[in-house]
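Working notes for the structure below.
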Amino acid sequence: MTAITSKRNEPQRHGSAVADKLIVRGAREHNLKDISLELPRDSLIVFTGLSGSGKSSLAFDTIFAEGQRRYVESLSAYARQFLGQMDKPDVDFIEGLSPAVSIDQKSTNRNPRSTVGTITEVHDYLRLLYARAGTPHCPKCGSVIHRQTPQQIVDQVLELQDGTKFQVLAPIIRGRKGEYQDLFKELQNQGFSRTRIDGQTYALTEVPVLKKQEKHNIGVVVDRLSVKAESRQRITDSVETALRLANGTVVLDFVDEPAKSKNKERVYSEHLACTKCEISFDQLEPRSFSFNSPFGACAECSGLGNHLEVDEDLVIPNKDLSIRDGAIAPWSNSSAEGYWSKLLEAVARDLKFSLETPFKKLPEKIKTALMYGYDSSINVKYKNSYGRQRSYWTEFEGVIENIQARHEKSDSDAAREHLEGFMRQKPCKTCKGA
Numbered sequence: 143m144t145a146i147t148s149k150r151n152e153p154q155r156h157g158s159a160v161a162d163k164l165i166v167r168g169a170r171e172h173n174l175k176d177i178s179l180e181l182p183r184d185s186l187i188v189f190t191g192l193s194g195s196g197k198s199s200l201a202f203d204t205i206f207a208e209g210q211r212r213y214v215e216s217l218s219a220y221a222r223q224f225l226g227q228m229d230k231p232d233v234d235f236i237e238g239l240s241p242a243v244s245i246d247q248k249s250t251n252r253n254p255r256s257t258v259g260t261i262t263e264v265h266d267y268l269r270l271l272y273a274r275a276g277t278p279h280c281p282k283c284g285s286v287i288h289r290q291t292p293q294q295i296v297d298q299v300l301e302l303q304d305g306t307k308f309q310v311l312a313p314i315i316r317g318r319k320g321e322y323q324d325l326f327k328e329l330q331n332q333g334f335s336r337t338r339i340d341g342q343t344y345a346l347t348e349v350p351v352l353k354k355q356e357k358h359n360i361g362v363v364v365d366r367l368s369v370k371a372e373s374r375q376r377i378t379d380s381v382e383t384a385l386r387l388a389n390g391t392v393v394l395d396f397v398d399e400p401a402k403s404k405n406k407e408r409v410y411s412e413h414l415a416c417t418k419c420e421i422s423f424d425q426l427e428p429r430s431f432s433f434n435s436p437f438g439a440c441a442e443c444s445g446l447g448n449h450l451e452v453d454e455d456l457v458i459p460n461k462d463l464s465i466r467d468g469a470i471a472p473w474s475n476s477s478a479e480g481y482w483s484k485l486l487e488a489v490a491r492d493l494k495f496s497l498e499t500p501f502k503k504l505p506e507k508i509k510t511a512l513m514y515g516y517d518s519s520i521n522v523k524y525k526n527s528y529g530r531q532r533s534y535w536t537e538f539e540g541v542i543e544n545i546q547a548r549h550e551k552s553d554s555d556a557a558r559e560h561l562e563g564f565m566r567q568k569p570c571k572t573c574k575g576a
């Protein structure tokens, strides 16, 4: 067994030399034969050697075990009852110990959600550290995030356009399993009449039976209002009620906005908010920093760090071919009278280029327009089943955008598998793979 150390570049300590060393004398745990050694503190130390030479016995069963045992003994009797007490290792004495953390060794697997951090469980400690000791900053402007008072929330609401209709929601359950029948009865007894469950609004008297093993999002509809200066007091009362019910969080649901609009909802919080960007955030929790949780994962790649994107080299595998000869692989099987052929003919007429020209000889501007579309309507001409000439105007979104959209919207596994033949896994552009 060999110990390799790497001393960090730190200023020299003053005082006893013992404070700079970890001293082990007479270690006999397991297969150790009365080992004595001195190790430098504040260093990266690697124990190497053959299997069975005593590396784990020294590092885990002796040094870590004694450090953990001493730390637990320093706690109160009440705290010690919740922690497992480790046996004293077979060693004469150890000096220079600090409270220790040991990371379990786990076998690797091919799960894309497994990283060095998750396998060694270091990620759990980091999440806890950031959630409890970190200072949150706004992702847009970088300023420190502050809490908002109910009056500040109301002032922001009244700055909206007069007549804007919204309902005040108290998000009391977020991403938790259960049926919550008792909760609905309690809300009804408190005088509330409507609730929103997983995006759907129900009367509290008509709430469906929820699946116990599924996660749900439940909010109470506190009030329905519109922005008016004379409604300040009512808005204030409703906001304060929602904040009280949802432990400091209130959601405004703008009823006239489309369901998938980014402006459909605004979240306000007594806990964390950026007043410059008018963005509110939930209270930071360890799950906020977990890419395996919907509350911490990147919305674009769902925490995987990469996702399927259309690859231009797979779309145009042979750039020596012309479009007429099938340069655009996903559309190469279209007949002369087919949809894609007629669409490309319309693009060629509009951009004034020939479909007979090899793709590699087309101007870069034309290539970009073909792949990613352009802002102009094109007139597509075709013959109907009776042989009559017809035409229509449409937008051209581009080959790559078309494949990406069809892949996201398709319900057919076969269709998605076909389209994935023109796609590759690439680092997420939103989170950069983090």
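Position in the sequence shown (first residue = 1) + 142 = my numbering. The C-beta atom is built at its ideal place from N, Cα and C for all residues, glycine as well. In this text the structure is predicted, and so the values were computed from the model without any measurement.
Check	Outcome
Which listed residue (E550, T391, R269 and I236) has its alpha carbon closest to that of I295	T391
Integer Cβ distance of F564 from D453, believed to fall under 8 Å	7 Å
Short Cβ contact (8 Å threshold) for G361 with I287	no
Inter-residue Cα distance where the pair is L329 and V299	26 Å
Under the three-state DSSP convention, the category G259 falls into	helix
Limits of the unbroken alpha helix (DSSP H) element including H265	V264 to A275
Alpha-carbon spacing of P400 relative to I245, whole angstroms	48 Å
Per-residue DSSP class, three states only, for R558	helix
D324 in three-state terms, based on DSSP	helix
Supposed contact pair K406 and F396 - C-beta distance, whole angstroms, cut 8 Å	6 Å
Buried/exposed call for Q332, threshold 16 Cβ in 10 Å	exposed
Secondary structure of N151, DSSP reduced to three states	Only weak support exists for where N151 lies, its pLDDT of 45 falling under 50; the value from the coordinates is given anyway. Looking at N151 - three-state DSSP - the assignment turns out to be coil, as it is neither helix nor strand.
Backbone secondary structure at P398 - three-state DSSP	Looking at the sequence provided, one finds Asp at residue 398 rather than Pro. Looking at D398 - three-state DSSP - the assignment turns out to be coil, as it is neither helix nor strand.
Check whether I520 and T510 have beta carbons under 8 Å apart	no
P436 in three-state terms, based on DSSP	coil
Whole alpha helix (DSSP H) elements within the stretch 323-400, 4-residue minimum	323-331 and 374-387
Burial state of P505 (16 or more Cβ within 10 Å)	exposed
Under 8 Å between C-beta atoms of S199 and E180	no
P292, enclosing alpha helix (DSSP H) - first and last residue	P292 to L300
Inter-residue spacing [alpha-carbon to alpha-carbon] between L463 and K574	34 Å
Nearest to A242 (by Cα), restricted to the options G209, Y528 and D492	G209
I545 versus K568: straight-line alpha-carbon distance, rounded	16 Å
Where D517 falls: helix, strand or coil (DSSP)	strand
Anticipated Cβ contact below 8 Å, Y524 with K461, distance rounded	Contact doesn't hold; Cβ gap of about 28 Å is too wide.
Three-state secondary structure assigned by DSSP to F564	helix
Reduced DSSP category for Y528 - H, G, I as helix; E, B as strand; rest coil	coil
P472 in three-state terms, based on DSSP	helix
Three CB pairs or more closer than 8 Å across the stretch 414-431 and the stretch 271-279	yes
Alpha helix (DSSP H) runs wholly inside the stretch 163-247, at least 4 long, in chain order	197-200, 207-215 and 219-222
Whole-Å CB distance - R211 paired with M228, under 8 Å assumed	5 Å
Cβ-based burial, R150 [other Cβ within 10 Å; buried from 16]	A caution first: R150 carries a pLDDT of 44, below 50, which makes its placement in the model too unreliable to give a value.
Spatial neighbours of A556 in its chain, beta-carbon cut-off 6 Å, leaving aside the 5 residues before and after	none
Residue nearest to K370 in terms of C-alpha spacing, selected from D297, A439, Q323 and V188	D297
Sequence-distant residues of the same chain with beta carbon closer than 8 Å to L164, five excluded per side	E180, L181, P182, R183, I205, I236, E237, G238 and L239
Residues sharing a beta bridge with Y534, DSSP	V522
Span of the beta strand (DSSP E), counted from its first residue to its last, around V310	K307 to K319
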